[in-house]
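Taking our numbering, I'd label the letters of the sequence shown as residues -8 to 60.
Note sheet for the following structure.
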Amino acid sequence: MTDKELTRVKDSMRLLKQSYKREHDIIVRHYIGKVYYTTIAKEQGVSEGYIRKLAKNGAYYFLQIHDEQ
């Protein structure tokens, strides 16, 4: 990954965190921190399906923000 691409990803993640904090945190914890959906669901007291939905929406929002830059 070039410095320019890395900067673009970081900027996209920053914007995602500002607009969709919960989805951002779930995406980061799952994909970077290797935390599974069931663990996140138990911590937040919600269903695993709900966490999957938030992660999916967060990934969609990230791509949308990333493509706009």
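All residues carry an ideal CB built from backbone N, CA and C; glycine is no exception.
Buried or exposed: where does residue i fall if 16 or more other Cβ atoms within 10 Å of its Cβ makes it buried?
i     : result
Glu14 : buried
Tyr51 : exposed
Tyr41 : exposed
Beta carbon of residue i, beta carbon of residue j: below 9 angstroms?
i     : j     : result
Val19 : Met4  : yes
Ala46 : Ile17 : yes
Gly36 : Leu7  : no
Asp2  : Gln60 : yes
For residue i, which residues from the same chain have a beta carbon less than 8 angstroms from its beta carbon, with the 5 sequence-adjacent residues on both sides left out?
i     : result
His21 : Tyr27, Tyr28, Ile31 and Ala46
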